[in-house]
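Right, one structure below, let's go through it.
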Amino acid sequence: MTQAHAPIKPRSPAREAWRRFKRDRVAVVCLALFSFYALTAGSAQVIELFQEGTKLYDMTLAEQGIDVAETATAPSSVHWQAWWGTTSAGKSVLLRVFHGTKVAFVVGLCGAGLSVLIGMTLGLLAGFFGRKVDLAVQYLYQTVASIPYLLLLLALAFVVRQGPVAAAYNEFSVGGLYLSEYLSLGLFNIIVVIGLTSWVTLCRLVRAETMKVRELDYVQAARSLGMGELRIMFRHVLPNVFHLVIINFSLRFVTAIKSEVILTFLGVGVDKEPSWGQMIADAKNELMRGIWWPLLASGVALFGLTLAVNYVGDALRDALDPRLKN
Amino acid sequence: MRAVLRLLLALLASLGLVGLSSCSPDPYPGEEGAILHMSLRGLAKSLDPPVIGVEYSNRIASQVYEGLLAYHPYARPFQLMPALAEQMPTVSEDGMVYTFPIRQGVRFHDDACFEGGTGREVTAHDFVFSLKRLGHPKARSTGWWLFEGKVAGFDAWRETLIADIEAAETAGETVDTLWGLDRDLPGIVAVDDHTLQITLAEPYPQFLWTLAMNYAVVYPREAVEHYGKEFRNHPVGTGPFQLAEYNPVYRVLMEKNPHYWDNRVPDPANVPADRLEGWDWQADIDEGRLTHPGERLPLIDGIEMRFILEDQPRWLYFKSGHTDWLIPPKDNSAEAIQGKELSPLMASRNVRLTAIAEMGTVYTALNTDDEVMGNVNLRRALALAIDHNWTVDNLYSGNAQVAESLIPPGIAGYEHGYHPYKTADYSADIPRAKELLAEAGYPDGIDPKTGKPLRLRFENSGTSTTQRHFAERVRDEFRRIGIEVDIIVNTWPQMNEKMRNRDYQMAGLAWGFDYPDAQNILQLLYGPNQAPGINRSNYDNPEFDALYEQSSTMSDSPERTALYQRMARMVADDVPWIVRVHRTRNNLQQPWVSGAYYSEVHDQWVKYAALDVEMRERLVAEWNVPVRWPLGVFLLLFFGILGGSVVQARRTKGLQKVAA
């Protein structure tokens, strides 16, 4: 390469991916929808942080002096809080779905984050170092994978939510601020449980891909140049398997939210704040009595987010997977 | 292509099989006569009377066995009436000696255990045998507590027997439940063939109630000898029905006892002796419960009880008319009952709804032994913060009534209007609650130790939605007086463990009465019963304990009722419990059944049932017209998709050929 030739400016991989992502119109719409959810979740979190005393979503409308009976009432225009009706405890469905979005995002992001972190790290280590490390990781994920998912989820949920883990969590503080006041034990529980149970798929994928990548010429070249193992792993191997991580993250995100719903439905999930899972669980008794609005509201919210994330995830795979280029 | 065709044929064949098997929906093929159909929610265990405690065994045993006394089938509040006793016993003046004349001419069921297979006549000796066997150590009775320390000499008799059996066993003898049973027991004696005398160790006013339980029924020695351990599956008694088939995991079939004694449905309109004091019999006639007065039992040919453990099928059995009674499972309750009324479907079918105030109380136990909850004013403030009407309307859908006292209405000791820490209309009184809270040392709910709102723990014993709602409501209500509540989810064993260790603050509990006497619930607050005993709130009030001890040896009398009321008042004042509601239990009865008045307390009501078989057949056919169109739609869809894919596959093949 000489100075005489003006360098052709290569398009960065991210830009290239975005160019290809953009081509799918529906994906763009879904991305917008997802952003809307994210914004909702963010504002719910901000409001919660600055709201002193009892949270508005936890107060019945009657308690606030609004003329709505302290029981399940159908959607009405009496007050903005009653637009989506009230729960059987007389609280605003709208506010609870709104706050549920935050819970879903916290669970989705942290749960999927933890799961992806574990899966990626183990997969990378196993694939890169092979031999005993690989055997150990394989042993671990085969064991986890051999236990039925839901049972493992439930068992862990019961173990984490009480006993030493919960006690330690409740005592954990940084500079006088207790973590448990910002992230309730129930949420923490779900995040940990989801993170610990759903990393196997990614781990397998990353391991296989890493095994392939580490034999490629450029890695061999780096090795012959005397680069350290860790540097090779993080600079050369990881970026080339990272598309798997991104795609898997989007899938885990949805799974995590769904798992929250399942766990809460079974009674071991979020308990101190409203969540979609709770509203869906409540519906099994309410629906027969003709109370459909909490289920509809939470169901639609869940459906929209799941759909958006799933579609965006698919489009991301198309955009990122090097094999699908053009 | 061959393979596809073969697959298709196999599929068709299996579909045909499914179709065929669903063509006979009658779950009782080949049944003849008027047979009652019932479902049992759990499996029956042993039918050997000393160990008969389980609910579902009782349901069966009450039709097969009889004792000296029985519950009156219609009178409410409950009353006892003679069964195999000719009349109510004569009691000696000191209340210690009960003499029962035994009904003559009553025969045991015909059974292989008797010589020639015909049942012999029941005598007082059979009662001596049966009652004594309850205390036989080898019978391992779950009902021994009924007689323990109450019948003269029974404890000593049992102790000696235990020692002797031990000696005999060390000597290598095999010992069964008959070993040493003939030893004399002065407390239970047959004076002659038809007179039984029971002498008590101390006055025990609840004694007669225990004689109406299945622990105290009569059965022949021959059956125990003949069947040995298998007696648990071969009950032989004197009841209106005898066992024809017993499959412990599937069903129990009972047929009518052809030699049943002349036991008749009470006929108060014509027989003055049947007009029990305190029984509003006219109401039972007017409201269609007493439909066959004066007729001889049994009114039907048999009973089939099926063990249907899952809620959904049990509900569907009833819905399609295949069982005659049902307590609607919780999840299907709304489909059957809306508010306090039947659902439109059930109402249009003339199903009869019996709503029974459950003999029991739901309460929030407060651990008075806890550092914080020991504060009586705090407990009072908590009690006042609760809106009881809301609880009834929203958490029980109206199927409960607010409990004024821990003793439910209809039981002696209940007092209307004394509830100092519940407002007159049972709503919450926040201002007064806050006053009391300030007196308790928590102004506005602020804990002076931390400067933050007081935090209390509420223990849940399960993960059901109902329990969560209950706890969340407690949290909402206590928040209104400035107190924060942490809801802790436990499994039932975990919660039990915490209670035994006194390591809890608040918990939602309920108590169902074993017999209609307030003593049964007051024992839960008796000081010496503290944890690990049944006094879960560790209530410790010497005055209460003294009254309890005083009342425990008194027989039912206005004096004893007064004592009960005083104790209930103490509980209301000291609030070891926040007494919540008395639940209502709903029972559904098909329109073709009559005569039987459902009860929660005993199972002797079943034998009063009459059946209109013709009506049942007609209605069951009417209700179960098969709906066939979904099958058509399914087949259409199935073959549509299959056809489509075959066409697609052929086209692709064709294209491939062209390309090649």
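Respectively, the protein sequence lines represent chains A and B. The numbering used here applies: residue 34 is where the first sequence begins, and numbers increase by one. The numbering used here applies: residue -3 is where the second sequence begins, and numbers increase by one. Glycine residues also receive a C-beta, built at the ideal position from the N, C-alpha and C atoms.
- By the rule that beta-carbons nearer than 7 Å mark a contact, residue 192 of chain A does not touch chain B.
- If the five residues before and after residue 251 of chain A are omitted, its C-beta is found closer than 8 Å to the C-beta atoms of 269, all from its own chain and listed in chain order.
- Residue B:609 holds the alpha-carbon nearest to the alpha-carbon of residue 298 of chain B among B:471, B:629, B:609 and B:649.
- Residues of the segment 282 to 301 of chain A with a C-beta less than 8 Å from any C-beta of chain B: 299, 300 and 301, listed in chain order.
- When B:39, B:49 and B:630 are compared, the shortest CA-CA separation from residue 246 of chain B is found for B:39.
- Taking every protein chain shown into account, the CB of residue 254 of chain B has fewer than 16 other CB atoms within 10 angstroms, so this residue is exposed.
- For residue 171 of chain B, the secondary structure class from DSSP, reduced to helix, strand or coil, is coil.
- Taking a contact as a CB-CB distance under 8 Å, the pair residue 257 of chain A and residue 133 of chain A does not count as one, their CB atoms being some 55 Å apart.
- By the neighbour-count criterion, in which 16 or more other beta carbons inside 10 Å mark a residue as buried, residue 305 of chain B falls on the exposed side.
- For residue 115 of chain A, no CB of chain B lies under 7 Å from its own CB, so it is not counted at the interface with that chain.
- Close to chain B, meaning a Cβ-Cβ distance shorter than 7 Å, is no residue of the segment 251 to 263 of chain A at all.
- The C-beta separation of residue 294 of chain A from residue 339 of chain A comes to about 10 Å, leaving the pair out of contact by the 8 Å criterion.
- In the DSSP annotation of this structure, the continuous segment of the beta strand (DSSP E) that includes residue 454 of chain B starts and ends at 451 to 456.
- For residue 79 of chain A, the enclosing alpha helix (DSSP H) starts and ends at 58 to 83.
- Residue state for residue 482 of chain B is assigned as strand, using DSSP reduced to three classes.
- The Cβ neighbour count for residue 367 of chain B, taken over all protein chains shown within 10 Å, is under 16; the residue is labelled exposed.
- If you compare the alpha carbons of B:348, B:341 and B:617 with that of residue 283 of chain B, the shortest gap goes to B:348.
- Look at the beta carbons and you see the segment 211 to 221 of chain B touching the segment 122 to 132 of chain B: at least three pairs across the two are nearer than 8 Å.
- Between residue 390 of chain B and chain A, the shortest Cβ-Cβ separation is below 7 Å.
- DSSP places residue 531 of chain B within a strand segment (E or B) once states are collapsed to three.
- Comparing C-alpha distances from residue 122 of chain B to each of B:243, B:598, B:62 and B:74 shows the shortest one belongs to B:62.
- Distance from the CA atom of residue 636 of chain B to the CA atom of residue 630 of chain B, rounded to whole angstroms, is 10 Å.
- Fewer than three beta-carbon pairs drawn from the segment 416 to 435 of chain B and the segment 612 to 619 of chain B are found closer than 8 Å, and the two stretches are therefore not classed as touching.
- Across the structure, residue 509 of chain B and residue 356 of chain B are spaced so that their CA atoms are roughly 6 Å apart.
- Per the coordinates, the alpha-carbon of residue 75 of chain B lies some 18 Å from the alpha-carbon of residue 550 of chain B.
- Interface annotation, residue 426 of chain B: not in contact with chain A, CB-CB separation never under 7 Å.
- In this structure, the CA atom of residue 172 of chain B is about 28 Å from the CA atom of residue 190 of chain B.
- Around the beta-carbon of residue 543 of chain B, 16 or more other beta-carbon atoms lie within 10 Å, marking it buried.
- Between the segment 174 to 190 of chain B and the segment 41 to 55 of chain B there are fewer than three C-beta pairs closer than 8 Å, too few to call the two in contact.
- Using a Cβ-Cβ cut-off of 7 Å, residue 330 of chain B counts as an interface residue toward chain A, since at least one Cβ of chain A sits closer than that to its own.
- The beta-carbon of residue 323 of chain B is placed no less than 7 Å from the nearest beta-carbon of chain A.
- Using a CB distance below 9 Å, the part of the segment 474 to 487 of chain B facing chain A consists of 475, 476, 482, 483, 484, 485, 486 and 487, ordered along the chain.
- Every alpha helix (DSSP H) of 4 residues or more that sits fully in the segment 203 to 290 of chain A is shown, in chain order, as 212 to 215, 218 to 230, 233 to 246 and 250 to 257.
- Annotated as distal: residue 224 of chain B and residue 60 of chain B, with beta-carbon spacing of 7 Å or more.
- Of all residues in the segment 97 to 123 of chain A, those with a C-beta nearer than 9 Å to a C-beta of chain B are 103, 104, 105, 121, 122 and 123, reading in chain order.
- Each residue's CA atom was taken as its position, placing residue 360 of chain B and residue 416 of chain B some 17 Å apart.
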